[in-house]
Structure formats: structure tokens, C-alpha cells
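I have placed the structure first, in the form of C-alpha cells, so that the comments after it can refer back to it.
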């Protein structure tokens with residue numbers, strides 16, 4: 616429908632509150648039409664970044680470009696962006712129709728056209744029958760749709776969503792997630808979406824930027840971030856359960872960790888201490904591996920998570936499609952395919968490239 | 038629902054206490070109402086008469102007679118409405134700024150607003166008198182209204198700030214993103230949500246100005262004599278005309294009571310707004 620969706624660049628964006636630095640030199644390039652997710656734990660700076668994109672927050676340094684035009688100092692209303700707030704921020708004294716039509720009324724669109732556009736937007740999010748109600752008479756899910764309709768009604772160049780699903784119950788969240796993805800695809804509007812829920816990020820995003828402590832630690836497709844996490848922190852944040860991390864010593868093509876010598880794909884010329892990471896899904900019960908005892912088997916119906924404890928008291932988790940044929944308390948050894956190993960620098964936490 | 042004897046007893050006690058409180062509170066009003074229909078002779082009768090032949094003479098006198106308070110009611114209407122209008126005109130934007138904008142010394146200015154309420158009014162009379170005398174503002178509507186502003190404005194700002202603070206920031210940000218700009222965001226989104234607060238504040242400011250006596254008697258005069266001052270004139274060294282005073286008081290109360298009845302819903306809602314976060318907002 617629209618070819619006006621914007622490409623966005625953030626260049627060396629800094630944000631401080633007094634002496635507290637919230638964002639350290641953020642660089643980001645978002646392609647037109649992309650569904651881009653800002654993912655990170657709370658307090659990592661992702662919402663601040665979104666608010667900077669919206670123009671609701673002034674930057675302390677750096678600049679923001681939309682389609683190559685510097686918009687750093689532009690007011691929120693001059694950027695042609697629409698936002699769905701976590702609280703939805705609906706106007707409680709207006710009807711649903713008035714809420715959705717408000718941005719059009721503000722640009723002086725004739726009433727008849729507003730009515731048509733409101734109906735159109737409301738139909739897209741399936742709330743056409745609620746137009747005469749006020750937000751107080753709606754359920755949480757319906758309110759969320761009204762907020763969505765208000766954002767899409769004026770066909771913005773950039774669409775910002777701040778944890779829009781966090782106030783919905785689990786079932787509704789799944790349904791809405793699907794609807795949201797479909798809607799974004801049909802509108803083809805550049806979308807920036809903030810969440811701390813990695814599952815949301817993985818399922819919705821074309822690309823993800825992972826935020827940690829005011830820095831972007833990795834940008835990539837969901838697959839890249841899952842399979843080649845840039846740091847130990849990202850590895851520990853993505854995946855349920857998160858990656859197992861065991862300290863070890865890397866020499867040649869093997870790592871000595873947890874009392875076993877384990878083969879890895881990369882080789883190190885000189886011996887060095889590393890952190891060995893293996894996804895729970897890649898762990899196997901295999902001879903010659905790390906000796907452990909089975910602590911607990913959790914059956915999730917379609918999969919099973921088994922917790923083991925090694926000689927030094929560390930917890931190691933394994934995820935299988937079927938329940939393993941071991942009993943709690945039994946002693947086994949754990950291994951993995953050499954290409955499943957992730958190696959991180961012991962001190963900096965950064966991923967180690969093949970040497 | 039428990040309707041046993043214990044609960045019935047509770048209700049009796051409750052109503053008794055409430056009834057006693059009401060009687061104490063309402064007695065002066067009822068006494069005033071009775072007095073306004075008595076002759077001066079009946080007023081001074083001892084023991085006080087509860088059964089008497091009512092007369093409308095007092096009302097006739099204070100409305101149409103030589104000591105008619107109609108011009109004074111007019112003065113009061115002008116002064117109270119003028120002061121209220123100006124107060125709200127300045128207080129609403131000021132309170133919005135105090136509640137929303139981040140600027141240096143915000144805390145201090147908020148405290149300053151409140152601090153002006155701490156001065157005893159009597160300490161201000163002489164300075165005010167001298168100032169008004171210098172600028173020729175004695176016995177003028179402008180002068181009295183200006184003086185009323187000095188204490189109604191801080192009060193109104195202070196009251197309105199809490200209402201503005203109750204409106205979530207995000208709602209305003211949403212309006213800004215919807216291209217409303219600050220002024221239209223205020224007009225279309227914020228003000229409708231503080232309607233109740235504006236109503237309550239307007240009523241309080243109006244009532245304060247309407248009932249004000251101290252400044253009106255000192256700073257007013259023959260041109261500007263509010264109804265509270267006019268009633269004071271029924272009391273003189275030789276004689277106090279209690280019945281006329283009561284009739285005047287009843288007339289002066291009428292607008293206040295009418296406003297009170299119409300605004301009751303707003304006032305009760307407005308007073309509880311700070312108690313529960315968002316409780317007064319809908």
C-alpha cells in the first residue's frame with residue numbers, strides 16, 4: 616500500500632540524566648519496511664531509544680536521520696511517527712472513533728474523510744463494532760487494538776511500539792502477536808518494537824538489536840542472535856532455558872571443562888582460559904563427557920528439560936523432545952557435537968572467533 | 038445483610054450521632070432563617086419565641102427599602118465573578134506548567150505558592166491599603182479584584198496542580214505524537230480530564246471571594262460595597278437590626294447554596310481525587 620515507510624539511522628546517540636549515562640553511543644540502521652525489535656532486560660536503554668526515535672526524549676549527543684534527513688531536533692509531531700504506548704494512553708473522555716480519528720482531526724482532515732479512515736483502520740484491527748464506546752468500557756485487548764488503530768490510521772512513516780503486549784494475558788498475547796505480524800506485513804511500514812520478551816522478539820522480528828546496560832551488544836536476525844551470540848550476556852539472555860556456561864581451558868581443538876576433555880570446532884594455538892557455552896538443546900548424554908548426576912526431569916508434554924549437577928555443583932540443563940531414559944539420582948556423562956560449542960573470552964565475555 | 042438487634046442498635050447510635058452533628062451545624066442557619074421572618078420585637082423577646090406570626094417586612098426592606106442590599110449583591114457578583122474569572126484564567130496554565138514542565142527551581146516556586154497562604158490576612162491590610170491609595174485603587178472594582186487575586190491565585194494553582202499531575206504523562210505524549218502540539222494537547226486532551234478540578238477550584242475561589250469581609254470592608258467604600266459589608270451596616274452603635282441582618286444574610290446565602298446544590302457532585306468527587314490515585318478521574 617505505502618511506499619513511504621522510512622529508513623532510520625541513529626548515529627552515536629548518547630543520553631544522560633545528570634551524571635547517569637543511559638545510552639552510550641548507540642549506532643543503528645533500520646531499513647525501510649523492516650520489523651525491528653529492540654530487545655533487552657529492563658533498564659537496558661531500549662525504551663529510551665524508542666522515545667528518542669519518537670522525539671519524546673532529547674538526546675545528549677549524536678543525531679537521528681530519517682531517509683537521510685536529520686530529524687534530531689524535530690518535535691514529535693513533525694516526524695510523522697506513530698506510537699503505541701505500553702499503557703495505550705487512550706483519551707478516556709473520547710469515544711473509540713474520536714480516539715482513532717484524533718490524529719486526523721489535528722491535521723485538519725474533513726470530517727467525512729476522517730470517518731472513512733477511522734472505519735477503515737478499525738476494520739483492520741477488528742474493532743469496527745466498538746466505535747461508539749469509550750475506552751473505560753473496553754477490555755484490555757480491545758484497548759490495545761484501539762491504540763493500534765489510532766497509530767495506523769494516518770499511515771505514518773515509522774511505527775513505534777513500546778511493549779504493546781505486556782498487559783495482555785498469555786493466550787491473548789499469542790493471538791495478538793500473530794495479528795500484529797500480519798498487520799505489519801500488510802502495511803509495510805517500518806516498525807520498531809520494544810520488548811524484554813525474547814520469544815516475542817524471535818517470532819516478530821526481521822532483525823533484533825540486543826540492549827545491555829545502555830549499549831547495543833548485537834544486531835542480527837533472530838537466527839543469528841540465537842546461533843551466534845556475540846557475548847556471554849546475550850547467550851545467557853536468549854533461549855529458554857538459557858545457554859549452559861562452564862569455565863574451561865582451551866587448547867588445540869579441545870576444551871577441558873567440568874572434569875572432561877571436550878572436542879570443539881575451533882582450535883587455539885596457545886592454551887587459554889575460556890567460557891564454554893552449549894545450548895540445552897545441543898546437550899546429549901554421551902560417553903566420555905562431563906560426569907554429572909541427574910537432579911530433576913521436568914516433563915513439559917511436548918518436550919522435557921533435564922537438570923544435571925556436575926562435580927563442582929554447577930547446574931547444566933538439557934532439552935529434548937522426549938523424556939530421556941535416565942532416572943533422577945543416576946550418574947551419567949554429558950557431551951555435545953563439536954560445532955555446538957560456543958567459546959567466550961573469560962574476562963570480556965566476548966565471543967571468540969576461530970583462531 | 039445482618040439485621041439483628043445488634044446492628045439495629047448500631048444504626049440508632051449512628052443516626053443519633055449524625056443527627057446531633059447536623060443539629061449543631063444547622064442551628065445557626067435555621068435560627069437565621071426564623072429570625073429573618075420575625076419582627077424586631079419578636080427577635081428580642083425573651084425567652085426566644087419559636088411560634089410567631091411570620092412577616093415579609095424584613096425582606097421587603099432589604100430588597101426594596103432604603104437599606105436595599107441589591108446594589109451590594111451586584112457589587113459582590115462583580116467582585117467575586119471578576120476575581121474568579123481572572124484567577125482561573127491564570128491558575129490553569131500556571132498549574133499545568135508547575136505540574137508538567139521541568140525547569141530549575143520548580144520545587145521552590147511550588148513552595149512559594151503555598152507560602153503566600155501562610156501570611157495572616159490582617160497583616161496585609163495596611164500595606165494593601167497604602168498601595169491601593171497610591172495608585173488610586175481604593176473603592177474600585179479593579180482594586181478589590183486585584184487584591185483578591187493575591188490570595189485566590191496561589192490557592193487555585195496549588196489545588197489545580199494535583200489534578201494536572203493526575204493525568205498520565207503518556208496521554209500528553211500521545212497527543213504530541215498525534216500532531217496536536219502543546220496547546221492543542223492541553224485543550225483537547227488534558228483540560229477535559231481536569232474538568233472536575235476546574236469546577237471545584239472555580240467554586241472554592243468564588244465562595245471565598247463572595248464571603249470575604251476583611252479586605253472588602255477596609256479597601257471598599259461607597260462605590261464598591263459588597264453584601265458582606267452591607268450586612269455589617271445593620272449593626273450600629275445605637276441599634277442592631279437583627280431581623281434585617283438575618284434577611285440580608287439569607288439573600289446573600291442564596292447564590293452560594295444554589296451553586297452548592299448544582300456542584301455537589303463535583304465537589305465531593307474533587308475532594309477525594311487525591312485520596313485514591315486516579316480515583317476521581319474518568
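Chains as they are written, first to last, in this note's numbering: chain H, 616 to 970; chain W, 38 to 319.
All C-beta atoms in this analysis are idealised placements derived from N, C-alpha and C, irrespective of residue type, glycine included.
- When rounded, the separation of the alpha-carbon atoms in residue 144/W and residue 279/W is 49 Å.
- Annotated three-state conformation of residue 239/W is helix, per DSSP.
- Within 10 angstroms of the beta-carbon of residue 669/H lie 16 or more other beta-carbons, which makes it buried.
- By the neighbour-count criterion, in which a residue is buried when 16 or more other Cβ atoms sit within 10 angstroms of its Cβ, residue 174/W is buried.
- Residue 192/W has its alpha-carbon roughly 23 Å from the corresponding atom of residue 257/W.
- In the displayed model, residue 953/H falls within a helix according to three-state DSSP.
- Residue contact with chain W for residue 745/H: absent (no Cβ-Cβ distance below 9 Å to any residue of chain W).
- Comparing alpha-carbon positions, the option among 90/W, 106/W, 89/W lying closest to residue 97/W turns out to be 106/W.
- The beta carbon of residue 757/H sits closer than 8 Å to those of 742, 745, all from its chain and outside the five residues before and after it, given in chain order.
- In this structure, residue 824/H lies near residue 833/H, with their beta-carbon atoms less than 9 Å apart.
- Per DSSP, the continuous alpha helix (DSSP H) segment holding residue 796/H begins and ends at 785 to 802.
- Nearest in C-alpha terms to residue 922/H, of all of 958/H, 859/H, 761/H, is 859/H.
- Comparing alpha-carbon positions, the option among 924/H, 831/H, 919/H lying closest to residue 910/H turns out to be 924/H.
- Cβ atoms of residue 919/H and residue 906/H stay farther apart than 8 Å, at about 21 Å.
- For residue 865/H, the enclosing beta strand (DSSP E) starts and ends at 859 to 872.
- With 16 or more other CB atoms across the displayed protein chains lying within 10 angstroms of its CB, residue 779/H is buried.
- Put simply, the segment 217 to 236 of chain W touches the segment 694 to 708 of chain H. At least three CB pairs are less than 8 Å apart.
- For residue 957/H, none of the residues of chain W pass the 7 Å Cβ criterion, the least Cβ distance being about 40 Å.
- In the structure shown, residue 915/H adopts coil according to DSSP, grouped into three states.
- At a C-beta separation below 8 Å, residue 290/W has no neighbours in chain H, since its nearest C-beta there lies roughly 34 Å away.
- Unbroken beta strand (DSSP E) stretches of 3 residues or longer found wholly inside the segment 815 to 857 of chain H: 822 to 827, 830 to 835, given in chain order.
- Contact residues of the segment 204 to 218 of chain W toward chain H are 205, 207, 208, 210, 211, 212, 213, 214, 215, 216, 217, 218 (C-beta to C-beta distance below 8 Å).
- Sequence-distant partners of residue 682/H (beyond 5 residues in either direction) whose C-beta falls short of 7 Å from its own C-beta, in its chain, are 621, 622.
- DSSP, read as helix, strand or coil, puts residue 811/H in coil.
- Cβ-Cβ separation between residue 862/H and residue 888/H: approximately 7 Å, consistent with a contact (criterion under 8 Å).
- Across the structure, residue 128/W and residue 223/W are spaced so that their CA atoms are roughly 14 Å apart.
- The Cβ atoms of residue 819/H and residue 799/H lie closer than 9 Å to each other.
- Closest by C-alpha distance to residue 648/H, out of 835/H, 805/H, 636/H, is 805/H.
- By alpha-carbon distance to residue 637/H, the top candidate from 625/H, 663/H, 807/H, 651/H is 663/H.
- Apart from sequence neighbours up to five positions away, no residue of its chain approaches residue 843/H with a beta-carbon distance below 6 Å.
- With contacts defined by Cβ atoms closer than 9 Å, residue 266/W and residue 253/W form a contacting pair.
- Interface flag for residue 702/H against chain W is set, since a Cβ pair is found closer than 9 Å.
- For a Cβ distance threshold of 9 Å, residue set 214 of chain W lies close to residue 696/H, ordered along the chain.
- Residues of the same chain with a CB within less than 6 Å of the CB of residue 165/W, apart from the 5 flanking positions on each side, are 184 in chain order.
- In this structure, the CA atom of residue 752/H is about 51 Å from the CA atom of residue 108/W.
- Excluding its 5 nearest sequence neighbours in each direction, residue 866/H has C-beta neighbours in its own chain below 7 Å: 883, 886, listed in chain order.
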